[in-house]
Amino acid sequence: MSNTSIGLLLARLKMLTQSDSDAQLSKALQISPQTLSSWKVRDSIPYAFCVDIARAYACSLDWLLLGEGAPQRAVGGLDEWESALLAQLRTLTQPDRQAILGQVQDKQRLQQLELQVQSLHAQLSDLRT
């Protein structure tokens with residue numbers, strides 16, 4: 453990979469992760485700044501890592517590695533808002549994603565409890581009549 457290629461790849465990674473600096477990029481990719489620096493010195497980023505990032509961000513590997521095609525892979529069966537939400541979630545760190553998942557699960561449990569309360573209320577009403 454040439455310096456130009458690695459520079460462009462790092463620029464696309466920054467765009468994908470919405471990072472402005474190498475420090476932000478290393479944090480977003482959950483790697484150490486030293487690892488990022490060594491990639492630059494070696495003029496190489498592990499292919500497997502690029503594949504993992506492409507999967508995590510639903511990004512086209514052709515776009516990430518070569519700058520060809522559209523940045524985002526088509527996500528089958530999703531509405532536009534779902535795809536947009538998914539893209540936003542992928543920009544968050546794993547702990548932030550876990551926190552959001554916890555909130556969603558809490559909301560689902562509350563909805564289930566509300567349905568059970570409504571069902572019990574209806575049963576109680578039936579018993580009274």
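The letter at position 50 of the sequence shown is residue 502 when you use my numbering, and the numbering goes up by one with no holes. We put the CB at the ideal spot given by N, CA and C, even for glycine.
- Task: Run the CB neighbour count on W491, radius 10 Å, all protein chains shown included, and call it buried at 16 or more, exposed below.
- Result: As a working mapping, residue 491 is identified with position 39 in the sequence shown. With 16 or more Cβ atoms within 10 Å of its Cβ, W491 is classed as buried.
(request) Whole angstroms is fine: what's the gap from L541's alpha carbon to Q570's? (result) On the sequence shown, residue 541 is found 89 positions in, with the first residue counted as 1. On the sequence shown, residue 570 is found 118 positions in, with the first residue counted as 1. For L541 and Q570, the distance between alpha carbons rounds to 33 Å.
Item to complete: State the start and end residues of the unbroken alpha helix (DSSP H) segment that holds D472.
Response: Numbered from its first residue, the sequence shown carries residue 472 at position 20. Taken as a continuous stretch (DSSP letters only), D472 belongs to no alpha helix (DSSP H), as it is neither H nor E.
Are the beta-carbon atoms belonging to C502 and L488 less than 7 Å from one another? If you number the sequence shown from 1, residue 502 lands on position 50. If you number the sequence shown from 1, residue 488 lands on position 36. No, these two residues do not count as a Cβ contact at 7 Å.
Kindly list the residues whose CB is nearer than 8 Å to the CB of L576, restricted to its own chain and excluding five residues on each side of it in sequence; keep chain order. For this step, residue 576 is matched to residue 124 along the sequence shown. Taken in chain order, the list of residues that qualify is empty.
Mind checking whether Q476 and T543 have CB atoms under 7 Å apart? Your numbering for residue 476 matches position 24 in the sequence shown. Your numbering for residue 543 matches position 91 in the sequence shown. It is not a contact, given that the beta carbons lie outside the stated cut-off.
Q.
Going residue by residue through the stretch 482-518, where are the continuous alpha helix (DSSP H) segments of at least 4 residues, counting only ones entirely within it?
A. 485-494, 499-508 and 513-518, all fully within the stretch 482-518.
**DSSP three-state assignment for G554, whether helix, strand or coil** = Taking the sequence shown and counting its residues from 1, the one referred to as residue 554 is at position 102. Three-state result, G554: helix.
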